[in-house]
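**Student:** Have a look at this one before I ask anything.
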Amino acid sequence: MIPRLISFLGLCVMLLLAWGLSEDRRRVHVRLIVTGILFQLAFALVILKTGPGQLVFDALRRFVNGILACGNEGSAFLFGDSFRDHYFAFSVLPLIVFFSCLTAVLFHWGVIQKIVKLLAWSMVRVMDVSGSESLAAAANVFLGHTEAPLMVRPYLESMTRSELMAMLTGGMATIAGSVMAAYVGLGIDAGHLLA
């Protein structure tokens with residue numbers, strides 16, 4: 018129970034710090050902040066506590082672990098069985114390259130765009146944020162914080178400072194799918210990373 022209270026206290030401290038450093042504290046949208054936190058909490062509860070959520074993310078975990086196994090087979094083929102002595106260099110880094118290539122192929126086929134569009138649409142409806150802001154946040158999940166702003170490049174000039182800050186903060190607060198796969202390769206549970 019104490020670690021949960023520490024996490025909640027950390028969240029409160031971060032929110033107070035952000036509010037304290039804000040240029041115009043009167044214009045802070047409390048409803049947006051509360052909705053975002055509730056959205057994250059609901060997502061975590063669906064992933065960790067419901068049967069269908071656990072099934073979906075267990076399937077996702079098996080998929081990622083299957084790709085990791087393929088990557089390990091490829092590393093063993095290229096570098097020999099001694100690749101495990103230098104696991105990060107010969108298994109995790111090639112996995113990041115593989116996931117980047119997989120993301121590029123899915124992007125070429127239009128799969129990433131459809132998922133990002135669905136996530137962005139839900140954020141616009143639930144949180145009442147701008148389309149470019151939600152599109153960049155949704156793209157961060159798959160592309161990472163360096164490539165996601167390229168999705169909204171045509172809108173960058175017209176975005177407000179607040180929207181730009183939200184886009185940059187979202188980028189720094191998320192990890193790309195390839196990096197998540199690397200963490201899973203190091204033994205961290207994918208469901209907990211997503212929650």
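Everything in the sequence shown is counted per the numbering used here, starting at 18 for the first residue and increasing by one. The C-beta atom is built at its ideal place from N, Cα and C for all residues, glycine as well. Remember, it's a predicted structure, so these values are computed and weren't measured experimentally.
Please look up how many angstroms separate the CB atoms of Ala165 and Gly148, rounded, as I've assumed it's under 8 Å.
**Tutor:** Contact doesn't hold; Cβ gap of about 14 Å is too wide.
**Student:** When the Cα of Leu32 is compared with those of Val73, Ala198, Lys66, Leu49, which residue comes out closest?
**Tutor:** Leu49
**Student:** Could you tell me the alpha carbon to alpha carbon distance between Asp41 and Asp98, rounded to whole angstroms?
**Tutor:** 58 Å
**Student:** Decide yes or no for the touch test of the region 119-139 against the region 85-103: beta carbon pairs closer than 8 Å, at least 3 of them.
**Tutor:** These segments do not touch.
**Student:** According to DSSP, is Ser39 part of a helix, a strand, or is it coil?
**Tutor:** coil
**Student:** Which two residues bound the contiguous alpha helix (DSSP H) that contains Phe219?
**Tutor:** Not covered by the structure: residue 219. The range shown for the chain is 18 to 212.
**Student:** Could you tell me which of Gly27, Arg44, Arg78 sits nearest to Gly204, measuring between CA atoms?
**Tutor:** Arg78
**Student:** What's the call for His162, buried or exposed, on a 16-neighbour Cβ count within 10 Å?
**Tutor:** Buried, by the Cβ-count rule.
**Student:** I need the straight-line Cα distance from Ala76 to Arg101, nearest angstrom please.
**Tutor:** 26 Å
**Student:** What is the rounded straight-line gap between the Cα of Gly38 and the Cα of Val45?
**Tutor:** According to the sequence displayed, residue 38 carries Leu and not Gly. A straight line joining the alpha-carbon of Leu38 with that of Val45 spans about 11 Å.
**Student:** Is Ile205 helix, strand or coil when you go by DSSP?
**Tutor:** coil
**Student:** Under the three-state reduction of DSSP, which class applies to Met176: helix, strand or coil?
**Tutor:** coil
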